[in-house]
Amino acid sequence: MRRAAVLRRCAAGAALFAGMLLSALAGLPAAARAEQALPPLEQLLPQDALMLLRVDRSAELEQAWQQSHAAAVCAAFRPVFEELWEGLRGRLPGSQQAGQPGPLETVETVAGLLGGGFELAIAGVDRERGAPRLLARIEVGARERELAQLLGQLARANRHRRGPEPFTHQGIEVRHLVDPPLYHARVGSSWLLALFADDMKQLLDRARAAAGGGSIAAPLAMHDAYVQAKARALGDRPALGWLYLNLQALLRLGEAPPELLQRLGLDSARALGLGMCVDGGRLASSLYLCAPMPKGGRGGIFAVLEQGPVDRSVARLAPASASGLLAVHLDLQRLYRGLMELFAALDPEQAARAEQQLTQAEGELGVAIRQDLLFNLGSDWAWITFPPPAGGLAQTVATVGVRDADRFMNALGKLFAKAGLELRRRTLDGRTYYYALAPLGRLGGDVQRVFERNPGGALFALLGSSLCFTVVGDRLVLGDMPHTLADYFDALTAGGTGPRGAAGASLADVAAFQQAIGGWPEDAMLLSWSEPRASFGGYYNFGLRLAKALEGWARMAGLPLDVNLMPRAEQLLPHLVPGTSSLRWLPDGMLLESRATMGGLDSGAVVLAAVGLGAAIAVPNLLESRKGANEAMAKSTLRALFTFQALFREGDKDGDGRLDYAESLGELFAAGLIDEVLASGRKQGYRFRILSADEDTWSAVAEPLEPGRSGDRWFFIDETGVIRQSEHGPASADSPPVGGR
15 MRRAAVLRRC AAGAALFAGM LLSALAGLPA AARAEQALPP LEQLLPQDAL MLLRVDRSAE
75 LEQAWQQSHA AAVCAAFRPV FEELWEGLRG RLPGSQQAGQ PGPLETVETV AGLLGGGFEL
135 AIAGVDRERG APRLLARIEV GARERELAQL LGQLARANRH RRGPEPFTHQ GIEVRHLVDP
195 PLYHARVGSS WLLALFADDM KQLLDRARAA AGGGSIAAPL AMHDAYVQAK ARALGDRPAL
255 GWLYLNLQAL LRLGEAPPEL LQRLGLDSAR ALGLGMCVDG GRLASSLYLC APMPKGGRGG
315 IFAVLEQGPV DRSVARLAPA SASGLLAVHL DLQRLYRGLM ELFAALDPEQ AARAEQQLTQ
375 AEGELGVAIR QDLLFNLGSD WAWITFPPPA GGLAQTVATV GVRDADRFMN ALGKLFAKAG
435 LELRRRTLDG RTYYYALAPL GRLGGDVQRV FERNPGGALF ALLGSSLCFT VVGDRLVLGD
495 MPHTLADYFD ALTAGGTGPR GAAGASLADV AAFQQAIGGW PEDAMLLSWS EPRASFGGYY
555 NFGLRLAKAL EGWARMAGLP LDVNLMPRAE QLLPHLVPGT SSLRWLPDGM LLESRATMGG
615 LDSGAVVLAA VGLGAAIAVP NLLESRKGAN EAMAKSTLRA LFTFQALFRE GDKDGDGRLD
675 YAESLGELFA AGLIDEVLAS GRKQGYRFRI LSADEDTWSA VAEPLEPGRS GDRWFFIDET
735 GVIRQSEHGP ASADSPPVGG R
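Counting with my numbering, you get residues 15 to 755 for the letters of the sequence shown.
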């Protein structure tokens, strides 16, 4: 439980980094200055650092954003958001402050101020506090005063709180922002931030050593896994954003047994890297899993996931008017055997029992589910999205090869019959389509009874009610209705009637498609392509009319929505271009690459800034919620101690022949009444102590480890079972009660 709590807090800390970072910057002008330059965090962090997030906004990237299609799309939506914000200004609590900027202005200003980029790292987890050791570096340059003025309002609510005193280290003054007490200091043109004072001191020591020409022992920048992940995810392209996760360190943090990791194949997982950059004027991202192949080949989960290359000829199954294609190589027989081998490695008895139960079920059903159904399917799957020839929203069908169609249809018919489903057929344009219907109940009957009589069939009817299929040659084609499949075959045979005016009967013959997928790797096990312009207008206009229908209700509820200010679909279409992605296994890991469907530099950095700003505003409330949870836990723990002390005394748990209370938490632990976490005296931000105990009386307290941060109240309990509280120091028997047992 404690390990899980540490991991949860580590993740929560990473999610809140932007808010705490931006809030801390509100006090920047008060910090002292130093002239030396601060190296990137990757040169200062140790190799076992858990995470590093880096966002770069060079002048070239800033210019690319201003010229990008994404910026034009944001500008098109700006009027409606400005109207929405102006209408909310006088209605939201705290939104009437003079000179308060709107959200779009705030996001744009923050994005501009962070033009030099910033880095955030989790160097580890402070086990005593159960909190991630957050570190950050931000380049502000000459615009620090502007940033401080913008963010000053975010910190005013916290400035009345008392916190740790500022200090000087290595000749650099370090200040803090209370709640949370983020420490910050100016080093050259950078601002360095840390959650804990000792982390700040260590970083300043390493920064001073680097500035003086000294060597930094085992920096992250020299770690093999880090170097490889960065090279694969970014290459030599200018980075917009970069995220690194140390998988080995995270697994060690979870204290997973080495033998379990080996069985799962995770012992070879070293790092995960996600890079975002601009490539050819378009946003490109790469996700890389560093997991070198062992000499004996991949095992465990990786052996299950690793599949062969996709068959590119599936593009001929998509009509020329298609707006999307996803092709995957997925061998179900290999997948099943890999999963069973992995299951057997983890628990041989359970794996054998599962295999036996599946064989027994096949006998009772009279259907060889594996051989007749799953293993009868091919390994090259394709999902195809296309606009119906008659117009409307885009539809999707799936297709996969089938080795023995008659055997497959016969087995599926038996399975439907056993499930109590009705298998029907319909002929459209000379082609037969099959679909399943739910069992017909009594008119006005209780649907719940259908589930009770035939839960398997009823569940399948609900989940598979949109299943329709047909077999053409050696391929199975699936959709939601016969109409969808009929539209698909009509579009496939129409040839060149798509909105792009392309020539050819299939997508493979469309020049734009060939150009978009020209860089697809030959060994990819997953390939995707999307052309949003083909169906965007339909979806957008549908959403526009839906929003208009709800506009009146929204305005009467106080939400100042004006759908008439939304841009027309025609304004947005020119800014959408095809997007592609591919997934492949390499000898040293797995690589997922994609290119955006929006031309130019995408809005990732602006979205990141918006998330950071929202988190900054929400941080005080979130921290108050955390303190409230800690205090609730402290009170419930004291109530539990009341029960444990009674059990200890009445059962003479220490075996000394006296009916007395436990004098320490250690005695309660030795008696098997509390766990080792509480026995340590520290739990979820509070310190627990038994003050005194004899045959008739006892008392205990719960004290916040960090007053004002982990909790605002001190608690006391004794043999009466009444919990008492104090907000100004240790609680006692004279403090006011907060509740009963």
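By construction, the Cβ of each residue, glycine as well, lies at the ideal position given by its N, Cα and C atoms. A quick note: this is a predicted structure, and the numbers were derived from the prediction, not measured.
Extent of the continuous beta strand (DSSP E) to which residue i belongs
| i | result |
| --- | --- |
| Trp397 | Leu391 to Phe400 |
| Gly427 | Note, Gly427: premise wrong, no beta strand (DSSP E); alpha helix (DSSP H) at Ala419 to Lys432. |
| Ala225 | Unbroken run through Ala225 is the alpha helix (DSSP H), Ala211 to Ala225; no beta strand (DSSP E). |
| Met65 | Met65 to Val69 |
| Gln409 | Gln409 to Val416 |
| Gly593 | Gly593 to Leu600 |
| Ala341 | Gly338 to His343 |
| Val486 | Cys482 to Val486 |
| Ala13 | Nothing about residue 13 can be read from this structure; the chain reaches only from 15 to 755. |
Outcome for residue i when other beta-carbon atoms lying within 10 angstroms are tallied against a minimum of 16
| i | result |
| --- | --- |
| Pro751 | exposed |
| Met604 | buried |
| Leu499 | buried |
| Asn260 | buried |
| Pro546 | buried |
| Arg209 | As written in the sequence, residue 209 is Leu, which differs from the Arg given in the question. When all chains shown are included, Leu209 counts as buried. |
| His343 | buried |
| Asp418 | exposed |
| Gly593 | buried |
| Gly810 | With the chain covering 15 to 755 only, the question about residue 810 has no answer from this structure. |
| Thr484 | buried |
| Pro496 | buried |
| His742 | exposed |
Assigned secondary structure, residue i (DSSP; H/G/I helix, E/B strand, else coil)
| i | result |
| --- | --- |
| Asp9 | Only positions 15 to 755 of the chain appear in the structure, and residue 9 is not among them; the question remains open. |
| Ile186 | strand |
| Trp205 | strand |
| Asp443 | coil |
| Asp748 | coil |
| Asp501 | helix |
| Gly536 | The sequence shown places Glu at residue 536, rather than the Gly named in the question. Coil. |
| Ser229 | coil |
| Ala145 | strand |
| Glu720 | coil |
| Asp732 | strand |
| Thr507 | helix |
| Val633 | Confidence at Val633 is low in this model, with a pLDDT of 38, below 50, so the placement of that residue should be treated as unreliable; the coordinate-derived value is given next. Val633: helix per DSSP, three-state reduction. |
| Val491 | strand |
| Ile737 | strand |
| Val241 | helix |
| Ala283 | coil |
| Glu664 | helix |
| Ala89 | helix |
| Leu36 | The pLDDT assigned to Leu36 is 43, lower than 50, so where the model puts this residue is not dependable; a value taken from the coordinates is nonetheless given after this. Note: Leu36 maps to helix in three-state DSSP. |
| Ala714 | strand |
Unbroken alpha helix (DSSP H) run spanning residue i, endpoints
| i | result |
| --- | --- |
| Leu264 | Leu261 to Leu267 |
| Tyr13 | Summary: the structure shown does not reach residue 13, with the chain confined to residues 15 through 755, and so no result is reported for it. |
| Leu346 | Leu346 to Leu360 |
| Leu275 | Pro272 to Leu278 |
| Glu690 | Glu690 to Ala693 |
| Ile315 | Gly314 to Leu319 |
| Leu586 | Ala583 to Leu586 |
Residue i Cβ short of 8 Å to the ligand HEM heavy atom set
| i | result |
| --- | --- |
| Asp212 | Annotation note on the ligand HEM: not contained in the displayed structure, which lists no ligands. |
Open item on the list: Check whether the segment 427-435 and the segment 388-396 touch, using three or more Cβ-Cβ pairs below 8 Å as the test.
Closed with: With a cut-off of 8 Å, the segment 388-396 and the segment 427-435 do not count as touching, because too few Cβ pairs lie within range.
Task: Three or more C-beta pairs below 8 Å linking the segment 585-597 and the segment 280-287 - done: Judged by Cβ distances under 8 Å, the segment 585-597 makes no contact with the segment 280-287, as fewer than three pairs qualify.
TODO: Would you check if the segment 537-554 and the segment 393-411 touch, i.e. whether three or more CB-CB distances between them fall below 8 Å?
DONE: Segments in contact, yes.
Task: Cβ pair count under 8 Å reaching 3, the segment 296-313 against the segment 323-341 - done: No, because fewer than three Cβ pairs between the segment 296-313 and the segment 323-341 fall closer than 8 Å, the two stretches do not touch.
TODO: Indicate whether the contact test is met: 3 or more Cβ pairs, each with one atom in the segment 224-243 and one in the segment 322-331, closer than 8 Å.
DONE: Because the criterion of three Cβ pairs below 8 Å is not met, the segment 224-243 and the segment 322-331 do not touch.
- [ ] Answer yes if the segment 696-707 comes into contact with the segment 638-654, meaning at least three C-beta pairs across the two stretches below 8 Å, and no otherwise.
- [x] Cβ pair count under 8 Å is three or more, so yes.
Task: Every unbroken beta strand (DSSP E) within the segment 527-572, with a cutoff of 3 residues, ordered by chain - done: With a minimum length of 3 residues, the continuous beta strand (DSSP E) runs that stay inside the segment 527-572 are 540-544.
Task: Given 8 Å, three or more beta-carbon pairs between the segment 676-687 and the segment 647-662 - done: The segment 676-687, when compared against the segment 647-662, does touch it at the 8 Å Cβ threshold.
Task: the segment 575-583 contacting the segment 92-104, beta-carbon criterion three pairs below 8 Å - done: Yes: at least three Cβ pairs fall under 8 Å.
- [ ] Decide yes or no for the touch test of the segment 218-235 against the segment 49-68: beta carbon pairs closer than 8 Å, at least 3 of them.
- [x] Cβ pair count under 8 Å is three or more, so yes.
Task: Contact the segment 537-544 vs the segment 353-368: 3+ CB pairs below 8 Å - done: As far as the Cβ criterion goes, the segment 537-544 does not touch the segment 353-368, which means the pair count is below three.
TODO: Pair every Cβ in the segment 708-717 with every Cβ in the segment 728-742, then say whether three or more of these pairs are closer than 8 Å.
DONE: Enough Cβ pairs lie closer than 8 Å, so yes.
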